[in-house]
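For the sequence shown, the numbering used here assigns the number 4 to the initial residue and increments by one for each residue that follows.
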Amino acid sequence: MMYPKAEWPGTTVLVVEDTDAIRRMVCAMLTQNGYNCLEASDGAEALRLLEAVEDVHLVLTDLIMPNMDGAELARHLSDSRPELRIIFMSGYAEDVGAHLLDRTTCFFLSKPFTPMALMKEVRAALDQPWQGIPDVRAGLRSA
Numbered sequence: 004m005m006y007p008k009a010e011w012p013g014t015t016v017l018v019v020e021d022t023d024a025i026r027r028m029v030c031a032m033l034t035q036n037g038y039n040c041l042e043a044s045d046g047a048e049a050l051r052l053l054e055a056v057e058d059v060h061l062v063l064t065d066l067i068m069p070n071m072d073g074a075e076l077a078r079h080l081s082d083s084r085p086e087l088r089i090i091f092m093s094g095y096a097e098d099v100g101a102h103l104l105d106r107t108t109c110f111f112l113s114k115p116f117t118p119m120a121l122m123k124e125v126r127a128a129l130d131q132p133w134q135g136i137p138d139v140r141a142g143l144r145s146a
């Protein structure tokens, strides 16, 4: 089944996920639907990759990872690559407060997610007028 396709040829998504099987599965879904996909296993690897590759449009990152988590990665990217859109994902939404993310400034996928949910969130993030990378802390609403 096909989902909302990449609107622009050559749209590249960097998937940052410490679980290899999930990272490969997400990249397979993205590639099947017309996106180019790059992979990193943590935030530090993602930063190294983004220093070498200019043509990345979206970062899809897990929130909870060893070495450098998704929130810290977003803070680094707000300085070095503020044009990037970011989607946060986690299987521990309650633990990280992701259910409090302000959906007007932050995109979030709760794991597990369906291919349709992934494609809809990717499309929404890419379609949103650029406002810079959200500060995860500023994107948290009061409980």
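We treat Cβ as the ideally placed atom computed from N, Cα and C, and that holds for glycine.
- When DSSP states are grouped into helix, strand and coil, residue 23 belongs to the helix group.
- Residue 41 is not a Cβ neighbour of residue 50, given a cutoff of 8 Å.
- Sequence-distant Cβ neighbours of residue 73 in its own chain, meaning closer than 6 Å and more than five residues away, are 64, 65, 66 and 91.
- The Cβ neighbour count for residue 119, taken over all protein chains shown within 10 Å, is under 16; the residue is labelled exposed.
- Leaving aside the five residues that flank residue 58 on each side, the residues in its chain whose CB is nearer than 6 Å to its CB run, in chain order, 15.
- Under the three-state reduction of DSSP output, residue 42 falls in the strand class.
- For residue 80, the enclosing alpha helix (DSSP H) covers residues 73 to 83.
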